[in-house]
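A short worksheet on the structure shown next.
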Amino acid sequence: MAKSPGFTCTACGAVHSKWSGRCDACGEWNSIIEDEGLGHGAGPATLGQARGKAVRLSDLSAHETPPVRTQCGLEELDRVLGGGLVPASALLVGGDPGIGKSTLLLQAAAAFAARGLKTIYVSGEEASAQVRMRAERLGLRDAPVQLAAETNLRDILTTIEAEKPQLVIIDSIQTMWLDSVGSAPGSVSQVRAAAHELTSFAKRRGVSVILVGHVTKDGQIAGPRVVEHMVDTVLYFEGERGHQFRILRAVKNRFGPADEIGVFEMTGRGLSQVANPSALFLGERGQPTPGSAVFAGIEGTRPVLVELQALVAPTPHSQPRRAVVGWDSGRLAMILAVLESRCGIPFAGMDVYLNVAGGMKIGEPAADLAVAAALLGAREDTPLPADTVVFGEISLSGALRPAPQTENRLKEARKLGFTSAIVPKGGKPGGATGLNLTHVDDLTAFVGDIFGA
Ligand code: TYD
Ligand code: MG
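First residue of the sequence shown? That's 4 in the working numbering, and the numbers climb one at a time after it.
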């Protein structure tokens, strides 16, 4: 096999023509390695057999029936999948080491197997006895799942061929290796080749595959991003180490909505589902304190209420600190700048800390107004009115834009016992929400109305 040498980033999979210390594509340092690529020889292009025959779309749709999805009964997982597992689909579940991927997938394997799907769980990291011990701890000792402890991909494909399962879970793709690829297991070329072989073989045989991928900081081991484009669905399992919540987030889904989340709680007996995440994220909230604001957000199709906490204090340093957990730091800088230049409220000479409670990560711009409320509350040492939710996007001019799905957000707030909401003018609250609504035009009006500043 002819090699086509190149340089690949192990963090994001970007291909470069020469080595450099930092990847231009993702900004990671020391992640670029020399790599032989997938190359099956770079021979001259010749015509092949016409297997990819073109068919008129209207002819197709008359015969094709939509695939029947299998639901595993773990509702949080089914929803993230877009309503269940699509036959012959390829999934990737990424996450930091130790976050709980193996636990989640063993539970999922047992759940799918219990629904009649023939399931094989292939562990390249643990011996079968260890997987069995884990299953015992999770109360799944009698689950009808088949186990294999194997890393040689050829053997795994042979097993799939012989056993004809409907679902194969590969834990993890970084431990798999193909003897036709020269580099070590975990390298970009091995991970790519293994993922390609597995997914294409499985699709031909009508088998669904779930690949587990560790997010790595080590430049020698390829991260899950290098195979994201080869699979139908990409899920990330996230959470803060110190917190018991874990969030399964769909970042790409060919068969359903992206941005959907499933919330789980870690327990001694494995992951348990959290059907009402808002109640859990707000659980530890006490009396209204300065610097705290409740944001009514939407994650996928579901409203989720979270508490934002800010702390503003004079800095002893020449460079004030800006630290953010669970939100985008660039967006925080933007809101501080808008508060400063449009409303005349300076944050110079002050350290600013922002935290999303419960280990949740927020990506919605609709959180802007809640962030501003938390920052102002902390700076002015004034709590927001009790039992109030806030949402709305802030533009650079200081104007406020209504957030999508206003009605859903308000309904969720009402359900959780909130009595009022501060929202931008122009949002459509729909029918009677039973909440006291305060409509604000722009950030200056908000500052004046709420904080009297
Ligand atoms: P594990 O599933 O092995 O993580 P990963 O496969 O992502 O590396 O989980 C890590 C550890 O956490 C393991 O010792 C089991 C423990 N754990 C629990 O005790 N309860 C749980 O609910 C989860 C998810 C993990
Ligand atoms: Mg694991």
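Backbone N, C-alpha and C define an ideal beta-carbon position, used for all residues, glycine too.
Q. What is the DSSP secondary structure of Asp384, counted as helix, strand or coil?
A. What you label residue 384 is simply residue 381 of the sequence shown in a count that begins at 1. DSSP places Asp384 in coil when its eight states are reduced to three.
**Q.** Beta-carbon separation (whole angstroms), Gly395 vs Pro349, contact threshold 8 Å
**A.** Translated into positions along the sequence shown, residue 395 becomes position 392. Translated into positions along the sequence shown, residue 349 becomes position 346. Rounded, the Cβ-Cβ distance is 23 Å, inconsistent with contact.
Q: Using a Cβ-Cβ cut-off of 8 Å, state whether Thr409 counts as contacting chain B.
A: Going by chain labels, chain B is absent from the structure shown, which holds only one protein chain.
Q: Closer than 6 Å by C-beta to Val18: which residues in its own chain qualify, once you throw out the five before and the five after it? Chain order, please.
A: Counting from one through the sequence shown, the residue named residue 18 turns up at place 15. Here Val18 has Gly9, Thr11 as same chain residues with Cβ atoms under 6 Å from its own Cβ, once five neighbours each way along the sequence are excluded.
Q. Where does Gln52 land, buried or exposed, given buried means 16+ other C-beta within 10 angstroms?
A. The residue given as residue 52 occupies position 49 in the sequence shown. Classification of Gln52: exposed, given that the 10 Å Cβ count is below 16.
Q: Could you round the C-beta distance between Gly98 and Phe240 to whole angstroms and report it? I think they count as a contact, below 8 Å.
A: For the purposes of this step, residue 98 is taken as residue 95 along the sequence shown, with counting starting at 1. For the purposes of this step, residue 240 is taken as residue 237 along the sequence shown, with counting starting at 1. The Cβ separation is near 4 Å, so the contact holds.
Q: Could you check what DSSP says for His43 in three-state terms: helix, strand or coil?
A: Along the sequence shown, read from residue 1 onward, the residue named residue 43 stands at position 40. A caution first: His43 carries a pLDDT of 49, below 50, which makes its placement in the model too unreliable to give a value.
Q.
So the candidates are Gly273, Ile102, Ile453, Ala151; which of them puts its Cα closest to the Cα of Gly245?
A. Along the sequence shown, read from residue 1 onward, the residue named residue 245 stands at position 242. Comparing Cα positions, the closest option is Ile102.
Q. How long is the line joining the alpha carbons of Ala326 and Glu263, rounded to whole angstroms?
A. Within the sequence shown, residue 326 is the residue found at index 323, counting from 1. Within the sequence shown, residue 263 is the residue found at index 260, counting from 1. A straight line joining the alpha-carbon of Ala326 with that of Glu263 spans about 27 Å.
Q: Examine the Cβ distances between the region 263-278 and the region 216-234 and report whether three or more of them are shorter than 8 Å.
A: Taking 8 Å as the limit for Cβ pairs, the verdict is that the region 216-234 does not touch the region 263-278.
Q) To the nearest angstrom, how far is it from the Cα of Ala113 to the Cα of Ser275? A) Reading the sequence shown from its first residue, position 110 is the one you call residue 113. Reading the sequence shown from its first residue, position 272 is the one you call residue 275. If I take the Cα positions, the gap works out to 14 Å.
Q) In terms of residue numbering, what span does the alpha helix (DSSP H) encompassing Pro280 cover? A) Within the sequence shown, residue 280 is the residue found at index 277, counting from 1. DSSP places Pro280 in the uninterrupted alpha helix (DSSP H) bounded by 280-284.
**Q.** Of the listed residues Ser332, Ala369, His199, nearest to Asn358 (C-alpha basis)
**A.** For this step, residue 358 is matched to residue 355 along the sequence shown. Of the listed residues, the one whose Cα sits closest to Asn358 is Ser332.
Q. How many whole angstroms separate the CB atoms of Val374 and Ala424, which I take to be in contact at a CB cut-off of 8 Å?
A. Locating residue 374 in the sequence shown gives position 371, where the first residue counts as 1. Locating residue 424 in the sequence shown gives position 421, where the first residue counts as 1. That pair is no contact at about 16 Å.
Q) With burial defined as no fewer than 16 other Cβ atoms inside 10 Å of the residue's Cβ, what is the status of Gly420: buried or exposed? A) Numbered from its first residue, the sequence shown carries residue 420 at position 417. Exposed is the call here.
Q. Measuring from the CB of Thr106, is there a heavy atom of ligand 1 at a distance below 7 Å?
A. The residue given as residue 106 occupies position 103 in the sequence shown. For Thr106, the CB falls within less than 7 Å of some heavy atom of ligand 1.
(Q) What would DSSP say about Arg305, mapped onto helix, strand or coil? (A) The residue labelled residue 305 in the question sits at position 302 within the sequence shown. Strand, per DSSP.
Q.
For Pro405 and Leu156, what's the separation of their Cα atoms in angstroms?
A. Locating residue 405 in the sequence shown gives position 402, where the first residue counts as 1. Locating residue 156 in the sequence shown gives position 153, where the first residue counts as 1. About 51 Å.
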